[in-house]
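*Asks:*
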Amino acid sequence: MRIHHTVHHNGYVNNLNKALEKYPKYKSWSLQDLLLKLNSLPKDIQTAVRNNGGGHYNHDFFWKIMAPAGTTKMSAALENAIVKNFGSVDKFKEAFEKAATGRFGSGWAWVLKKADGSLYIESTPNQDNMLMPYNSIKGKPILAIDVWEHAYYLKFQSKRAAYVQAFWNVVNWDKVAELADLK
Ligand code: MN
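Mapping the sequence shown onto numbering that gives the first Met the number 0, position 78 (from 1) lands on 77, and the numbers just tick up by one.
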């Protein structure tokens, strides 16, 4: 996790800043706006902002929804919402694990809260996320897992499923409930 944060995440931040050097006016835009309005950026930096701005946003989110093992617990309101949407907590975990292990190559799996209040599981390739205009499914992310090899290779080698399983130990359920407005 330390290497993931200090090397990989840092790389996305540096490369995003580098991409914006040519067009200083976009430096005042929020990260969120850069991603939401990707299509209106100059063509020659769209890919760099998509990959590195997405990388910065996704990792920033990822660190916030983790906590030391055993320090947080799913709120009753969140559990109720999960049961209502997926049938049971186990089925929810199964669906999330399937999205995470089933994503071919690099990407992310997400739990989203849609505007109608329902919870939804989706995965995205590379460093894409729901803010970007390429995604038709919109929602507020409340949980995510990075399934790039760099996220698990040092500890789990090629065993992505074992990493996804272990991830449940470090989910910050307080933060997830807060994001879902289900505290
Ligand atoms: Mn990563």
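All residues carry an ideal CB built from backbone N, CA and C; glycine is no exception.
Please confirm whether any heavy atom of the ligand MN lies closer than 7 Å to the CB of H7.
*Replies:* Residue numbering aside, residue 7 sits at position 8 when the sequence shown is read from its first letter. Yes, Cβ of H7 sits closer than 7 Å to a heavy atom of the ligand MN.
*Asks:* Name the two residues that bound the continuous beta strand (DSSP E) containing Y119.
*Replies:* Translated into positions along the sequence shown, residue 119 becomes position 120. Segment L118 to P124, the beta strand (DSSP E) holding Y119.
*Asks:* With respect to 7 Å, is the separation between the Cβ of W147 and the closest non-hydrogen atom of the ligand MN below this value?
*Replies:* Position 148 of the sequence shown, counting from 1, holds the residue named residue 147. Yes, since a heavy atom of the ligand MN falls inside the 7 Å radius drawn around the Cβ of W147.
*Asks:* Using the C-alpha atoms, what's the distance from P140 back to Y25?
*Replies:* On the sequence shown, position 26 is the one that residue 25 refers to. On the sequence shown, position 141 is the one that residue 140 refers to. Each residue's alpha carbon lies about 25 Å from the other.
*Asks:* Indicate whether M129 and L118 have their beta-carbon atoms separated by less than 8 Å.
*Replies:* Within the sequence shown, numbered from 1, the residue matching residue 129 stands at position 130. Within the sequence shown, numbered from 1, the residue matching residue 118 stands at position 119. Cβ atoms of M129 and L118: not closer than 8 Å.
*Asks:* Compute the beta-carbon to beta-carbon distance between A18 and N51, rounded to the nearest angstrom, for a pair I have assumed lies under 8 Å.
*Replies:* The count along the sequence shown starts at 1 and reaches residue 18 at position 19. The count along the sequence shown starts at 1 and reaches residue 51 at position 52. 6 Å between Cβ atoms; contact.
*Asks:* State the beta-bridge partners of I144 as determined by DSSP.
*Replies:* As a working mapping, residue 144 is identified with position 145 in the sequence shown. According to DSSP, I144 bridges with A108.
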